[in-house]
Structures are given as structure tokens and as C-alpha cells.
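Asker:
In this note's numbering, the protein residues as written are 1 to 243.
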């Protein structure tokens, strides 16, 4: 890992490492994800796993637990190139807890409001919980890149409340989010955005002609505990988790 990536992560709460995977590897995973999302599209319809346009058209929003659905996904996220970087940031062996693939189709993918992962996870110590968000497309401002509040990982876990009409989106009060400290995490296909469990982050709607697919993987070290059972179904506890 580049030394500036490590410093940026611990100073700002997030960092980008380009070129972890090749563009061809990212394309392969994106293609499999698209095929799987199309298969699942008809079985979901709660407005969260799918996005809906004003005229009722639907498009895939995300894939839950992809690690359990395709061997290709397992091989991809357990790749040693990624695990080595995670170990450097965590200071210990990374253990995969959970994952999702966020799709964000062109002119369709909806926004995700500001939140902190560890409000949901309730894990301790928070410094040993990290998300590695793998870019499956080139990601910029127009197609909905991740945005962070620099240094927010150094503060507390804020109270979160449900967005009206969107019970799956829990957000802190806007007055507690300092948008003057907002930074954009631009990343190329195959690169990875790492963020701390308490870093405030969001992404806007995809307003471009391009996809914005990202494979989000959540990792902990062996000393992490959770007060709400988040880790009870962690992948690393499964008997078939690779040694």
C-alpha cells in the first residue's frame, strides 16, 4: 500500500487505492452481477433492492449477500491483493463479515443519504471495522461517487432517524453533518475505496449515461464484538469459509 493511502485513511477516515484489480477482472464481476441482478429483479420489489422510475419502470439497486451466491464473487473478494491492503489498515488479519453489490444504473440509480456504518453494525472497537468498496466501473461525480465528511471517523456514532417514506434509510440530523468537510472519492474501475466504520458517507443519484457498480465488502478483526448480533451471521464464522 502506498504510504499516502495509509495516512489519508487514518487522517480523513477514507482513502482510495487505484489498480488493486485489473479492469478486465472488474468487468467480469460486473457482468456476473448484472446477470444475477436481472434474475433477482422479479422476486424483489420493496423499493430498496430495486429502483423505480416515475413511470413505474424498475432497475436493479443492489444484490444482497453476493458472497453466498457465486463462487466467482468469493474468489474475487478473498483475493490476496485486497487482503494484504486490509491487513495493513486494520493491523491484523481481515475477516469478511458481509457484502453487497450496489448497481446504480444510468439515469436511474438512486441516492443513499449520509450515514455511518457502525450505527448499524454496533461493533467495537470501531477502528477494527472497515469497508472495502471495489469499483466495477469508473466512478466520478456524475455517476454517483462516494462522498465523505473528512475526519468524521474521529467523532462519535451519531443518532440516526428514518427518512420519511424510506424506513431502510437511517440518517443523522442534518445539523450534525458538516458539509464544508465533504470530499469526493473518485476511483477508476478496479480501484478500491476504503472507509472506517464511523466515517460519514453518502452517494448521489446516477445522473450519467454510465453504470456505477460497486462491490462493498465489510471486514473485522478477530477481537471485534457486536452488541446487536451483527456478527452472528458473519461469513468468517461459517464452516465453509476458506481458511
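Quick reminder that beta carbons are idealized off the backbone N, C-alpha and C, glycines included.
Is the CB-CB distance between residue 117 and residue 227 below 7 Å?
Answerer: No; because the gap between Cβ atoms is not below 7 Å, this pair is not in contact.
Asker: According to DSSP, is residue 171 part of a helix, a strand, or is it coil?
Answerer: DSSP places residue 171 in strand when its eight states are reduced to three.
Asker: Excluding the five sequence neighbours on either side, which residues of its own chain have a C-beta within less than 8 Å of the C-beta of residue 28, listed in chain order?
Answerer: Hits under 8 Å: 72.
Asker: Just list the residues that DSSP pairs residue 224 with in beta bridges.
Answerer: Paired residue(s): none; residue 224 is not in a bridge.
Asker: Could you have a look at residue 233 and say whether DSSP puts it in helix, strand or coil?
Answerer: In this structure, residue 233 counts as helix in the three-state DSSP scheme.
Asker: Assuming contact is defined by CB atoms lying nearer than 7 Å, are residue 14 and residue 204 in contact in what I supplied?
Answerer: No. Outside cutoff.
Asker: Hey, is the segment 120 to 129 in contact with the segment 71 to 88, meaning 3+ C-beta pairs nearer than 8 Å?
Answerer: Output reads no: the segment 71 to 88 does not touch the segment 120 to 129.
Asker: State the Cα-Cα distance for the pair residue 165 and residue 113, rounded to the nearest angstrom.
Answerer: Approximately 13 Å, taken between the alpha carbons.
Asker: I believe residue 84 touches residue 143 by the beta-carbon criterion, under 8 Å. Please report the beta-carbon distance rounded to the nearest angstrom.
Answerer: With a Cβ gap of about 29 Å, residue 84 and residue 143 do not count as contacting.
Asker: Within 10 Å of its beta-carbon, does residue 12 have 16 or more other beta-carbons around it, so buried, or fewer, so exposed?
Answerer: Classification of residue 12: buried, given that the 10 Å Cβ count is 16 or more.
Asker: If you draw a straight line from the C-alpha of residue 208 to the C-alpha of residue 189, how long is it?
Answerer: Taking the straight line from one Cα to the other gives about 16 Å.
Asker: Of all the beta strand (DSSP E) runs that stay within the bounds of the segment 103 to 147, which reach a length of 3 or more residues?
Answerer: With a minimum length of 3 residues, the continuous beta strand (DSSP E) runs that stay inside the segment 103 to 147 are 112 to 115 and 129 to 135.
Asker: How many Å lie between residue 39 and residue 25 at the Cα?
Answerer: If I take the Cα positions, the gap works out to 22 Å.
Asker: How big is the Cα-Cα spacing for residue 45 and residue 200?
Answerer: In this prediction, residue 45 scores a pLDDT of 48, lower than 50, which makes its location untrustworthy; the coordinate-derived value is nonetheless stated afterwards. Going by the C-alpha atoms only, they are around 28 Å apart.
Asker: Using the C-alpha atoms, what's the distance from residue 156 back to residue 242?
Answerer: If I take the Cα positions, the gap works out to 34 Å.
Asker: Quick check on residue 181: does DSSP put it in helix, strand or coil?
Answerer: Three-state DSSP puts residue 181 in a helix.
Asker: What three-state label does DSSP hand residue 66 in the structure shown?
Answerer: In this structure, residue 66 counts as helix in the three-state DSSP scheme.
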